[in-house]
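Q:
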Amino acid sequence: MSIISRLISFDNPAFNGYVTYGSVLVLKMMIMAPLTGRQRMKHAVPASPEDVSMLKGREILKSHDDVERVRRAHLNDLENIPIFFLAGFAYLLTDPDPTTALNLFRAYTLARCLHTFVYAVVVVPQPARGLAWGTGFFITGYMAIKAICHFKTF
Amino acid sequence: MSIISRLISFDNPAFNGYVTYGSVLVLKMMIMAPLTGRQRMKHAVPASPEDVSMLKGREILKSHDDVERVRRAHLNDLENIPIFFLAGFAYLLTDPDPTTALNLFRAYTLARCLHTFVYAVVVVPQPARGLAWGTGFFITGYMAIKAICHFKTF
Amino acid sequence: MSIISRLISFDNPAFNGYVTYGSVLVLKMMIMAPLTGRQRMKHAVPASPEDVSMLKGREILKSHDDVERVRRAHLNDLENIPIFFLAGFAYLLTDPDPTTALNLFRAYTLARCLHTFVYAVVVVPQPARGLAWGTGFFITGYMAIKAICHFKTF
Numbered sequence: 001m002s003i004i005s006r007l008i009s010f011d012n013p014a015f016n017g018y019v020t021y022g023s024v025l026v027l028k029m030m031i032m033a034p035l036t037g038r039q040r041m042k043h044a045v046p047a048s049p050e051d052v053s054m055l056k057g058r059e060i061l062k063s064h065d066d067v068e069r070v071r072r073a074h075l076n077d078l079e080n081i082p083i084f085f086l087a088g089f090a091y092l093l094t095d096p097d098p099t100t101a102l103n104l105f106r107a108y109t110l111a112r113c114l115h116t117f118v119y120a121v122v123v124v125p126q127p128a129r130g131l132a133w134g135t136g137f138f139i140t141g142y143m144a145i146k147a148i149c150h151f152k153t154f
Numbered sequence: 001m002s003i004i005s006r007l008i009s010f011d012n013p014a015f016n017g018y019v020t021y022g023s024v025l026v027l028k029m030m031i032m033a034p035l036t037g038r039q040r041m042k043h044a045v046p047a048s049p050e051d052v053s054m055l056k057g058r059e060i061l062k063s064h065d066d067v068e069r070v071r072r073a074h075l076n077d078l079e080n081i082p083i084f085f086l087a088g089f090a091y092l093l094t095d096p097d098p099t100t101a102l103n104l105f106r107a108y109t110l111a112r113c114l115h116t117f118v119y120a121v122v123v124v125p126q127p128a129r130g131l132a133w134g135t136g137f138f139i140t141g142y143m144a145i146k147a148i149c150h151f152k153t154f
Numbered sequence: 001m002s003i004i005s006r007l008i009s010f011d012n013p014a015f016n017g018y019v020t021y022g023s024v025l026v027l028k029m030m031i032m033a034p035l036t037g038r039q040r041m042k043h044a045v046p047a048s049p050e051d052v053s054m055l056k057g058r059e060i061l062k063s064h065d066d067v068e069r070v071r072r073a074h075l076n077d078l079e080n081i082p083i084f085f086l087a088g089f090a091y092l093l094t095d096p097d098p099t100t101a102l103n104l105f106r107a108y109t110l111a112r113c114l115h116t117f118v119y120a121v122v123v124v125p126q127p128a129r130g131l132a133w134g135t136g137f138f139i140t141g142y143m144a145i146k147a148i149c150h151f152k153t154f
């Protein structure tokens, strides 16, 4: 059996963890859409002119701080989570210790959930958001650097 | 032969469909760039100050509704399609019925193409955009939840 | 040995190159965060109201051209790089000539680094940014079209 079929295998807990936590992060990102929608309804801020009809008769705002806050949290997800998907997969192929890998996936997922919570659900003063963001940032960076050092096919 | 080499295989139509429709969605997202560029040229809305020279002598606008509309459609793609790439792959590894999987990939791709069309090409009143978006949203959610229930390595 | 285990293999330089350059692109995208942070600090443009405390006593701006410029470069990465991850992987599965594949990964990565440089580090007049963007755009398109023609499982 080749190394790669041992790594990309249901017998490898790190691989199973990557798929599980990757899917959890997908759901976490999906939640941003109803979170934004709730703020748009609450403050009558339509995403687009054709949505005005759904706010029947209410006075329309162009934007509102609460809407912008959720949108910033969502954009931060877009900036961080898709690159984690690639970096996490690349890291998995470096044959890491499965427990370490699982712990990194756990920490990353927790950090990103906390990031959303302190940014867009209950606003917590800094450095809460900075720490949550930084945890995810450094895990992604560690994984990408480990993969580059391992594969170094330039 | 391990289960995974049966799933990630050219003999598995669901895998071939994932790669095909994934690539179609890449092209669909790429189209957003010329669509935006066309509106920027039409209304003389440069993306950046150094682009003003390409609009030789025309009166420059800071923004225009038609440009913003295409940009919103593009951002919505960024919010939805990369997570589908991960969720679709995770779902594929749950050994789904190949026909069901293919139909979900077809429905997702069609829904996202319609989303772009009714949002940024010909503006169709709601709930057209909502339905197109919701179809993609629920397919992604179904795939991610199915993968979590299957792998559940927390 | 199946074709796919020959392609997704540490013996395939194109696969190793995909993982290496993918991870390099992850790092390149990560750099956008400190680049944005540096401009936010320099011009006192907090991302969010709770960040004001970190700019102790300085006069706060709502936005600044230099901040917006880095943010546009970052958004352009989000629009282009995650779809390259999918297209590059799909292309790899079409069994391309390894040298060609590696050269495309090299050219793509170089083009995206140059794009960031001329957009957000040292502003270079057009067509510098257009050429860098276009190189990446056409490589992604070529890969996606090659994969569709190869797999064509609709």
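So the sequence lines, in the order shown, correspond to chains P, D and U. One point on numbering: in full-length UniProt numbering, the residue at position 17 of the first sequence is 17, and numbering is uninterrupted. One point on numbering: in full-length UniProt numbering, the residue at position 121 of the second sequence is 121, and numbering is uninterrupted. One point on numbering: in full-length UniProt numbering, the residue at position 25 of the third sequence is 25, and numbering is uninterrupted. Every residue gets a Cβ at the ideal spot worked out from N, C-alpha and C, and that includes glycine. Please read these numbers as outputs of a predicted model, since none were measured by experiment.
With contact counted as at least three CB pairs below 8 Å, one residue from each stretch, are the stretch 41-51 of chain D and the stretch 103-116 of chain U in contact?
A: Cβ pair count under 8 Å is below three, so no.
Q: Give the single residue among P:S48, P:A47, P:V118 whose Cα lies nearest to the Cα of A132 of chain P.
A: Selected option, being the one with the closest Cα: P:V118.
Q: Return the residues of the stretch 99-124 of chain U that lie within a Cβ-Cβ distance of less than 8 Å from chain P, sorted by chain order.
A: Of all residues in the stretch 99-124 of chain U, L102, R106 have a Cβ within less than 8 Å of some Cβ in chain P.
Q: When the distance is taken between beta carbons, is S48 of chain U closer than 8 Å to R69 of chain P?
A: Contact flag set, yes.
Q: Using a beta-carbon distance cut-off of less than 9 Å, what residues from the stretch 20-34 of chain D approach chain U?
A: Going along the stretch 20-34 of chain D in chain order, one finds T20, Y21, G22, S23, V24, L25, V26, L27, M29, M30, M32, A33 with a Cβ nearer than 9 Å to chain U.
Q: Let me know the alpha helix (DSSP H) ranges lying completely inside the stretch 77-117 of chain U, each 4 residues or longer, listed in chain order.
A: List check, alpha helix (DSSP H) in window: 98-116.
Q: Going by beta carbon distance, what residues of the same chain come within less than 8 Å of N76 of chain D, once the five residues before and after it are set aside?
A: Answer for N76 of chain D: H115, Y119, W133, listed in chain order.
Q: Just to confirm the assignment, what range does the alpha helix (DSSP H) spanning A120 of chain U have?
A: Unbroken run through A120 of chain U: none, as it is neither H nor E.
Q: What did DSSP end up calling F151 of chain U once you bin it into helix, strand or coil?
A: In the structure shown, F151 of chain U sits in a helix (DSSP, three-state: H, G or I).
Q: Roughly how many angstroms separate the alpha carbons of P142 of chain D and F154 of chain U, rounded to a whole number?
A: The identity of residue 142 of chain D in the sequence shown is Tyr, whereas the question assumes Pro. Roughly 21 Å separates the two Cα atoms.
Q: Listing by chain order, which chain P residues have their CB less than 9 Å from the CB of F10 of chain U?
A: Here the neighbours are S2, I3, I4, L93, F151.
Q: Hey, how far is the Cα of L93 of chain U from the Cα of L7 of chain U?
A: Approximately 6 Å between the Cα atoms of the pair.
Q: Taking Cβ to Cβ, would you say G22 of chain D is nearer than 8 Å to A101 of chain D?
A: No. Outside cutoff.
Q: Please tell me whether A44 of chain D has its Cβ less than 8 Å away from any Cβ of chain P.
A: No, its Cβ sits nowhere closer than 8 Å to a Cβ of chain P.
Q: Between U:P96, U:I139, U:H150, U:G130, which has its C-alpha nearest R106 of chain U's C-alpha?
A: Of the listed residues, the one whose Cα sits closest to R106 of chain U is U:I139.
Q: Apply the 10 Å Cβ neighbour rule to L61 of chain P and answer buried if 16 or more other Cβ atoms are within range, or exposed otherwise.
A: L61 of chain P should be labelled exposed.
Q: Starting from N16 of chain P and walking both ways along the alpha helix (DSSP H), at which residues does that stretch end?
A: Taken as a continuous stretch (DSSP letters only), the alpha helix (DSSP H) holding N16 of chain P covers 13-43.
Q: For the stretch 38-62 of chain U, enumerate the residues whose C-beta is nearer than 8 Å to any C-beta of chain P, in chain order.
A: Cβ contacts with chain P come from A47, S48, P49, E50, D51, S53, M54.
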